[in-house]
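First the structure, in the form of structure tokens, and then the observations on it.
Residue numbers (my numbering): 28 to 760.
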């Protein structure tokens, strides 16, 4: 339809994306509208203007030779109505543009549909940038039907079936097909070539080999045009038509993994003899030639090389012997970006609040860390980068990744290392380890190391952060004395700093400590005082204090209302807490809020809410590898199963949960679950005794209860601190 109103349309896109296929389909569909006068001209093999004119004349049937073929062609086209499809114009773009412009001016009923990797840039041109095929998103589980709802996956399966009639995509292989399509950026040619390999060697082998995308560059089709026979030929075709400066900039951009800004491009490419203006122009030219993808929908434009292009360009970078020096520049720029405005990172309250530039740059931070900690990296750079990246990882709930990098950094620390970097690394390691593994002695040791450093260098802000962390650590261990001691220490530090935000932190910690102690009056007083700070203000967040103090205060008030029998108020506060936790975007805050709200819903017998909140908890904890919260969710699932009549399965869930929580030293969640288990076992015992003809003597009853205790308790040593005290109380009673 557009061809009827727009006389000159250029389909733009990267090599292999399917421009020719689309142009042919459009031309075929336009046959009726142009009374079969649709002519296809392959520009890819031509070298100059004369050859372009000759090819068009030949395509439209004007084969006779004239003294002035150009003027004769335009005279021939002037009275006619037709559609010219000019395919692959990029390598003679200026000559083709000149011819197309004259046709547009002199032949009013001739329509032109061009395909190219860069625009013609002539008057009347309408550009259509052909996107890559939509790919299935990255999800833990996807069915074959879900994967095949995306065109990239459908193309892959169709091409495999063309070679293997018996191929059928099952649910087991569907995530692999989705991964292949994503790795190939939805590029049609790349998907077709990968499908050819899958037909021979299977989907799993193809997905594995794509870990090194260059392996795929050599596979191709004999019957295709030379530039499309292999992916390497397609990329060679583009690379050969670049200027030397554009080649240099392209290969240096290959150091970026994911999106990058112009500022980042300048930082890695600039050197003596190559000015900032030169680099800016080269980046623009590479965008125009579809070798770099630009995105301008954010306040600051960002760029990206498609994965296949990046692999090809990185091969060129290694061949130039520039890869190590460019990697060092890239790591240093990553440090500068993360350190440039640290107060912004400190104020982040959620992963969604992370600036787009940092979210886009996350892949580059990972690449810079890999190089810095690698055999050719630098320890000083690695430690500085790890310290700078820690807050970003924690703010985005990437706890497992943060733990792994911080652990590597700890092994590189030397006495002359920057103390601030040491504090950040030890503290971030402790936080991420607590979230993913539990309250181990390694967590306590890392927090203590960081706190000792903060005290030695008289850093009050870091002292408060670490005292708060240790208070929360003790709270989860149900160490009442240590929890209160740390909370009181935070109050002392807050008074020294005089910062109102610090006072809010101290009050929230005191509220939690007094509630653990059973002093609900004091707990309520401190929690209400903490809530006087407006939500969303202040510099505290998950990555600094493990839990937003406002959420912590709301949880304390929720449970104070519950413990004092005010169930309606408790339920209201639970809803507010979960709502604020959802808004925060912090996964640990959300998980804790869901766990602590769940007993309220059980008490008011709202199983529909239990089911909904439990599902959210399970998915969130699993996605972010939050093992202690997964263990708690397992126990809550057990309670839910028991309440819905699935007692045997529910009891097993509770036992498994208590076993895991004991190993993770998360005693704070144990009382509710132990109570639920005890009540369930008692009900089962009463059920069977009421139906048994046997007479239950005291000796027999004692033996039976001992048997149930052995079956119900986790297989932990009798001296386990989590279970020894409840067991003594049970025996006494």
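Where is the CB? At the ideal position from N, CA and C, for every residue including glycine.
- Look at residue 127 here: in three-state DSSP terms it is helix.
- When secondary structure is reduced to three states using DSSP, residue 430 falls in the helix class.
- Sixteen is the threshold: when 16 or more other Cβ atoms of the shown chains lie within 10 Å of the Cβ of residue 521, as they do, the residue is buried.
- For residue 642, the uninterrupted alpha helix (DSSP H) segment begins and ends at 634-650.
- The alpha-carbon separation between residue 221 and residue 188 amounts to approximately 13 Å.
- In the three-state scheme derived from DSSP, where H, G and I count as helix and E and B as strand, residue 297 is classed as coil.
- Between the region 676-689 and the region 639-649, the count of Cβ pairs shorter than 8 Å is below three; the stretches do not touch.
- Taking every protein chain shown into account, the CB of residue 455 has 16 or more other CB atoms within 10 angstroms, so this residue is buried.
- Between the beta-carbon of residue 105 and that of residue 134 there is about 5 Å, and that keeps the pair under the 8 Å contact cut.
- DSSP places residue 456 inside the alpha helix (DSSP H), whose first and last residues are 446-463.
- For residue 330, no alpha helix (DSSP H) segment is defined; the enclosing uninterrupted segment is the beta strand (DSSP E) at 329-331.
- In the structure shown, residue 270 falls within a coil segment according to DSSP collapsed to helix, strand and coil.
- Beta-bridge annotation (DSSP): residue 321 is paired with 330.
- According to DSSP, residue 138 shares a beta bridge with 110.
- Taken through DSSP and simplified to helix, strand or coil, residue 65 comes out as strand.
- C-alpha of residue 361 to C-alpha of residue 392: approximately 6 Å in a straight line.
- Contact annotation: the region 288-296 touches the region 327-334, with at least three C-beta pairs closer than 8 Å.
- The alpha-carbon of residue 312 is positioned some 11 Å away from that of residue 144.
- When rounded, the separation of the alpha-carbon atoms in residue 429 and residue 413 is 9 Å.
- Here the region 221-234 makes contact with the region 176-194; the two share three or more CB pairs at distances below 8 Å.
- Closest in C-alpha terms to residue 338, from the list 47, 125, 211, 461, comes 211.
- Bounds of the alpha helix (DSSP H) holding residue 682 are 674-691.
- Taking all protein chains in view, the Cβ of residue 590 is surrounded by fewer than 16 other Cβ atoms within 10 Å, so the residue is classified as exposed.
- According to the DSSP assignment, residue 32 belongs to the alpha helix (DSSP H) that extends over 29-32.
- Just measuring C-alpha positions, the residue of 651, 320, 450 sitting nearest residue 486 is 450.
- Relative to residue 460, the option among 315, 182, 634, 651 whose CA is nearest is 651.
- Under the DSSP definition of a beta bridge, residue 143 partners with 39.
- When Cβ pairs closer than 8 Å are counted between the two stretches, the region 121-130 is seen to touch the region 65-84, the count reaching three or more.
- Taken in chain order, the complete alpha helix (DSSP H) segments of 4 or more residues contained in the region 174-235 are 178-190, 201-210, 215-228.
- In the three-state scheme derived from DSSP, where H, G and I count as helix and E and B as strand, residue 153 is classed as strand.
- Ranked by Cα distance from residue 218, the options 608, 159, 316 are led by 159.
- In summary, residue 622 is buried, with 16 or more beta-carbon neighbours lying within 10 Å of its beta-carbon over all protein chains present.
- Residue 543 is positioned such that its CB atom lies closer than 9 Å to that of residue 511.
- With contacts defined as CB atoms closer than 9 Å, residue 321 and residue 408 fail to qualify as a contacting pair.
- Look at the beta carbons and you see the region 99-115 touching the region 137-151: at least three pairs across the two are nearer than 8 Å.
- Taking residue 279 as the centre and dropping the five residues before and after it, the same chain places the C-beta of 295, 296, 353 closer than 6 Å to its C-beta, in chain order.
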